[in-house]
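Residue numbers (my numbering): 1 to 270.
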């Protein structure tokens, strides 16, 4: 795996002169941030040797190198999911590759279903912690010491410093930001009412099908992580209705400009 990571990083770096230290993963319906990037180079996943390809509608599938407010960044427009049939090594390969390229700070976004009755559809939530319900862990197997320790600490998976920065920006810009716990599941089904209830009892505020494997791997490599989730449907008893992927994309797209404003300002401060 180490050889694959290095090979992928080398391929990307030889196609751009940019050397960012901030990486961004854009989730379902959240690709609008790309419009704010002064693009220097765009590299489709299809062009990268032995690299996975996103199969989900709304995930364009490319690395974008450029600047936001003159700060160099690399953004993933489209991520990989466990439910697509990829193994955890493939799901997390982009994050491993980012680290090899010199990325020290990872900003992760996603679309989610709401569990907390105080939160509404369209709300933006800063992720303060997560619960891994994937039934597996991307670090299972022989540890690669060059990437990180065998038993990484997860007491602060999501940086308090970055979370506080986002909350201050939200306050300044008049953007309401919730805070809470993200539950990560395999998907691809949306949750049953009983599952929504269980995840809420466990302490979850939102639930989704991504992010957790990427964050575990990022922390394994000692990257500082910020996570943000847009609530696109409700799992609160009495509010549950049939939902489609198209519905999720629409809601995410409506809330995305506010999320983009927060992330733009965070990048400028970093």
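For glycine and all other residues, C-beta sits at the position ideal for the given N, C-alpha and C.
Beta-ladder partner(s) of residue i, from DSSP
i           : result
residue 105 : 22 and 224
residue 41  : 65
residue 229 : 110 and 125
residue 268 : The partner list for residue 268 (beta bridge, DSSP) is empty, contrary to what the question assumes.
residue 234 : 114
residue 241 : DSSP output for residue 241 lists no bridge partner at all.
residue 73  : 22 and 66
residue 208 : 184
Cβ pair residue i, residue j closer than 8 Å
i           : j           : result
residue 112 : residue 207 : yes
residue 106 : residue 218 : yes
residue 289 : residue 77  : Shown here, the chain extends from 1 to 270; a query on residue 289 therefore has no answer.
residue 19  : residue 52  : no
residue 104 : residue 162 : no
residue 68  : residue 34  : no
residue 198 : residue 83  : no
residue 166 : residue 130 : no
residue 44  : residue 27  : no
residue 192 : residue 134 : no
residue 181 : residue 148 : no
residue 246 : residue 233 : no
residue 211 : residue 235 : no
residue 241 : residue 190 : no
residue 109 : residue 25  : yes
residue 48  : residue 251 : no
Own chain, CB closer than 6 Å to residue i, minus 5 neighbours either side, in chain order
i           : result
residue 66  : 37, 38, 39 and 40
residue 91  : 80, 82 and 213
residue 59  : Any reading at residue 59 must be qualified, since the residue scores a pLDDT of 49, below 50, and its modelled position is unreliable; the value itself is stated next. Only 78 meet the Cβ criterion.
residue 94  : 76
residue 119 : 178 and 231
residue 23  : 74, 98, 103 and 106
Sequence-distant residues of its chain with Cβ nearer than 8 Å to residue i (five each side left out)
i           : result
residue 32  : 253, 256, 257 and 260
residue 176 : 123, 124 and 170
residue 46  : 53 and 61
Contacting residues, own chain, Cβ-Cβ under 7 Å from residue i (five flanking each side not counted)
i           : result
residue 1   : 89 and 144
residue 9   : 97, 100 and 101
residue 14  : none
residue 154 : 219
residue 42  : 62 and 64
residue 222 : 148
residue 86  : 52 and 80
residue 50  : 4
residue 159 : 224, 225 and 226
residue 21  : 102, 103, 104 and 105
Legend entry - beta strand (DSSP E) runs wholly inside the region 100–186, at least 3 long, in chain order: Whole beta strand (DSSP E) segments, 3+ residues: 105–114, 124–132 and 177–184.
Legend entry - Cβ contact (3+ pairs, closer than 8 Å) linking the region 215–230 and the region 246–263: Contact between the region 215–230 and the region 246–263 is present, because at least three Cβ pairs lie under 8 Å.
Inset, instruction - Specify whether the region 135–143 and the region 196–216 touch according to this definition: at least 3 beta carbon pairs, one from each stretch, less than 8 Å apart. - result: Three or more pairs of CB atoms, one per stretch, sit closer than 8 Å, so the region 135–143 contacts the region 196–216.
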